[in-house]
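These notes concern the structure reproduced below.
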Amino acid sequence: MTAPWLDIIGIGEDGLDGLSPASITALEKAEVIIGGDRHHRLSTAITAKRLSWPSPFDAMIDTIESFRDKNLAILVTGDPLWYSVGARITRAIPAHEIRFHPQISAFQWAACRLGWSLADVETATVHGRPVEQCVPLFAPGLRILLLTKDRTTPASVAGLLRDRGYGPSKLTALAALGGPDEKIITGTADDMPQDVPDFHLLAIECRLAPGHMALPLGPGLPDDAFVHDGKMTKSEVRAVTLSRLAPRRGEHLWDIGTGCGSVAVEWLRLARDGAATGLDTRPGRLDMARRNALQLGTPRLKLIEGKAPDALAALAPPNAVFIGGGFSEAVVSHALKAMLPHGRLVANAVTLESEALLIRMHAKHGGHLAKINIARAEPVGPYRGWRSFMPVTQWSLNT
């Protein structure tokens, strides 16, 4: 086993004064130090060759590897493995070859300044990621600590909150925490000040305005939460479908015949750090799915125009597959071959022809076959009655 040759050191706004003796020793021994401009400014007393992060970051991995025969240190902000470059580096360099030197994270600083229990808040980042991905976290009474992109983030988040009925939510921007230039700026989503420093963390206390409804995380969001043309997996059926798909953190879904994207969007709201690829032959449906992904906080939904199974060949293998349209034996065969271990396949049918095929697939592969009948109470003159939807036959299989 290769001995550790790389030191990744977390540093805060208090610079060298806040580092542990081991961190100081690693920096003093370093012949080369890699970091951002801010990190270098915080450690000017240490003499070494200095390198800055390139863009894109992936270009730095080869540079890091080229210094294996040198004493190399990398400076990062706070905790190297909590939304930091340390996690990216360990995908290229084994963790046992690295010595990590953690510092207090921005989350910890903010929680202490606000008197919040860190165990009771949601932590997330929109640094280098679409800001819309924080939307699924919005819920009455919830507290969120958010790593930001720059000074524009509070205004962007405030807009997302207002559009969803959370205008009264309290926002607190905490800048340069733990250093001499520390600054705390407060407001609400309705009136947040604009003069926020680039380098800050945003704290959100979600408050829902009267007359607005909070969306659940899922499954089974209301149908009217989506832009659709009437042809969609209805809320009750969607809830059953997602329970069979069983979203899990970091997993990948294929949504074949995605339509307005309702199943894929809910998958992503439930599967933190997960991925989903929606496939459809109709550009108009894909446009609806794209709009729903942004509105409901899943901008990482990947959408492809094409027909299964041919369009599936270039996709990353899935952990789960939902077939809501374009069902055929060839599609099932391709999905089962591509699926990763412990995968789940779910297919829904409303026509007699598709149902007959589902029954054949169940006879061939096993699994679970169910008929889902949904009726909703609706007005009938001055009274109410049950309006039934077309029954859905569902085949599900765990591999």
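Sequential numbering from 406 applies to the sequence shown in the working numbering.
Glycine included, every Cβ here is placed at the ideal spot set by N, Cα and C.
*Which runs of the alpha helix (DSSP H) spanning at least 4 residues fall entirely within the stretch 553–618, listed in chain order?*
558–568
*asked:* Distance check for lysine 475 and threonine 449, CA to CA, integer angstroms please.
replied: 20 angstroms
*asked:* Taking DSSP's pairing of strands, which residues face proline 784 in a bridge?
replied: Arg789
*Who does glycine 415 pair with in a DSSP beta bridge?*
Val481
_What does the Cβ neighbour count give for aspartate 412, buried or exposed, with the cut at 16 atoms within 10 Å?_
buried
*Between the Cα of isoleucine 728 and the Cα atoms of Arg696, Gln700, Ala719 and Leu762, which residue gives the shortest distance?*
Leu762
*Nearest-angstrom Cβ-Cβ length linking glycine 623 and glutamate 671, presumed shorter than 8 angstroms*: 5 angstroms
_Touching by the beta-carbon criterion (3+ pairs, under 8 angstroms), the stretch 528–548 and the stretch 696–707_ = yes
*Could you check what DSSP says for tryptophan 514 in three-state terms: helix, strand or coil?*
helix
*Candidates Pro585, His605 and Glu656: closest to aspartate 422 by CA position*: Pro585
*Delimiting residues of the alpha helix (DSSP H) encompassing leucine 699*: 688–700
*Are the stretch 604–618 and the stretch 553–560 touching by the rule of at least three beta carbon pairs closer than 8 angstroms?*
yes
*In terms of alpha-carbon separation, which member of Gly711, Thr682 and Ala681 lies closest to proline 688?*
Gly711
*Contacting residues, own chain, Cβ-Cβ under 6 angstroms from glutamate 734 (five flanking each side not counted)*: none
_According to DSSP, is arginine 473 part of a helix, a strand, or is it coil?_
coil
*Residues bridged to histidine 773 (per DSSP)*: Ser801
*DSSP three-state call for leucine 757: helix, strand or coil?*
helix
*Please classify histidine 525: does DSSP put it in a helix, a strand, or coil?*
Per the sequence shown, the amino acid found at residue 525 is aspartate instead of histidine. Helix, per DSSP.
*asked:* Which complete beta strand (DSSP E) runs does the stretch 609–666 hold, if anything under 3 residues is left out?
replied: 657–661
*How big is the Cα-Cα spacing for glutamate 587 and alanine 580?*
6 angstroms
*With DSSP as the reference, label valine 531 as helix, strand or coil.*
coil
*Hey, which unbroken runs of the beta strand (DSSP E) at 3 residues or more fall wholly within the stretch 702–766?*
707–710, 725–728 and 749–754
*asked:* Give me, in chain order, the residues of the same chain whose beta-carbon lies closer than 6 angstroms to that of alanine 743; leave out the 5 immediate sequence neighbours on both sides.
replied: Pro722
_Please identify the residue among Ala500, Phe512 and Ile661 whose C-alpha is closest to the C-alpha of histidine 739._
Ile661
*Can you pull the DSSP bridge partners for serine 457?*
Gly440
*Which of the three DSSP states, helix, strand or coil, is assigned to threonine 468?*
helix
_Could you check whether the stretch 449–466 touches the stretch 609–629, counting it as contact only if at least three pairs of C-beta atoms, one from each stretch, sit closer than 8 angstroms?_
no
*Under the DSSP definition of a beta bridge, which residues are partnered with threonine 452?*
Partner(s): none; threonine 452 has no beta bridge.
*Residue burial classification, leucine 706 (beta-carbon count within 10 angstroms, cutoff 16)*: buried
*Could you tell me the distance, in whole angstroms, from the CA atom of valine 726 to the CA atom of isoleucine 777?*
19 angstroms
*Validate contact between the stretch 457–472 and the stretch 483–500 using beta carbons, cut 8 angstroms, 3 pairs*: yes
*Taking all protein chains shown into account, do 16 or more other C-beta atoms lie within 10 angstroms of the C-beta of aspartate 484, making it buried, or fewer, making it exposed?*
buried
*Note down the Cα distance separating proline 461 from arginine 493, rounded to an integer number of angstroms.*
13 angstroms
_Opening and closing residue of the alpha helix (DSSP H) in which arginine 493 lies_ = 490–495
*Excluding the 5 residues preceding and the 5 following leucine 477 in the sequence, name in chain order all residues of the same chain whose CB lies nearer than 6 angstroms to its CB.*
Leu411 and Val437
_According to DSSP, simplified to helix, strand and coil, what is alanine 435?_
coil
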